[in-house]
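Everything below concerns the one structure shown next.
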Amino acid sequence: MPKSKRNRLVTLSKTQKKTKEHKETLVSTLRKALDEYQSLYVFSYENMRNSLFKELRDKLKTSSRFFGEFEGHDFARTGSPATETVELPEGPLEQFTHDMEPFLRKQGMPVRLNRGVVELVANYTVCTEGDPISPEASRILRLLGIQMATFTLTPICYWSNGEFEILDEEEAANGAKSANT
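For the sequence shown, the UniProt record's numbering gives the first residue as 1, with consecutive numbering after it.
The following block contains the structure:
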């Protein structure tokens, strides 16, 4: 009798779960690094971007003090909270060409063409401070050139010569909560 295809388990995720061996390898690598290096630092990051992290690593090679001065800005992604309220007043939008008008209308903006110039028919709020950014608002903010995401790296704690010190109590507590769940 043929097997039923209905009962077959299908995973939609393309990423594999981390196995116990992977975690043990990570811990053993960390222990080897403790023997090799004098100190160990734990960081917390916000709005991670690969290019900004590479820029930080380049700055790190030449300096030992980089936390206060490094702050990278980038365009906000969908779902991230808006850092400010962006409102566009009624009237012509000179920064957009006439062929952008259908795209702007698809994004929900009340626009029309008036003598080849894109014109906003009514006041339009792109995003409100504190609210999550929608996909449409993210695209409009990118077109306007408004960067709301700020990449920051915060030291949480460090270990040096057998001494352990917590630098940021709140971040350490948040990290412990997320590790337990």
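Even glycine gets a Cβ: it sits at the ideal position worked out from N, Cα and C. This one's a predicted model, so the numbers in the text were calculated from it and none came from an experiment.
query = For the alpha helix (DSSP H) that contains T29, what are its first and last residues?
reply = Residues 20 to 36.
query = Leaving out five residues before and five after T85 in sequence, what residues of the same chain have Cβ atoms less than 8 Å from its Cβ?
reply = Excluding the 5 residues flanking it on each side, T85 has same chain C-beta neighbours closer than 8 Å at T125, C127, T128, E129, in chain order.
ask   = How would you write the range of the alpha helix (DSSP H) that L9 sits in, first residue to last?
value = Counting along the chain, no alpha helix (DSSP H) covers L9, and no H or E run does either.
inquiry  = Which residue marks the beginning of the beta strand (DSSP E) containing I166, and which one marks its end?
reply    = 163 to 166 is the extent of the beta strand (DSSP E) around I166.
key: Where S39 falls: helix, strand or coil (DSSP)   = If DSSP states are grouped into helix, strand and coil, S39 belongs with the strands.
ask   = Can you give the Cα-Cα distance for K3 and K20, rounded to whole angstroms?
value = The straight-line gap from Cα to Cα measures roughly 33 Å.
ask   = In angstroms, rounded to a whole number, what distance separates the CA positions of G79 and V27?
value = G79 and V27: Cα-Cα distance of roughly 33 Å.
inquiry  = Check whether the stretch 29 to 42 and the stretch 131 to 149 are in contact - that is, three or more C-beta pairs closer than 8 Å.
reply    = With a cut-off of 8 Å, the stretch 131 to 149 and the stretch 29 to 42 do not count as touching, because too few Cβ pairs lie within range.
ask   = What separation, rounded to the nearest whole angstrom, lies between the Cα atoms of E165 and I156?
value = Straight-line Cα distance between these residues: approximately 9 Å.
task = In angstroms with no decimal places, state the Cα-to-Cα distance between G116 and M100.
result = Straight-line Cα distance between these residues: approximately 11 Å.
inquiry  = Rounding to the nearest angstrom, what Cα-Cα distance links E90 and A149 in this structure?
reply    = E90 and A149: Cα-Cα distance of roughly 27 Å.
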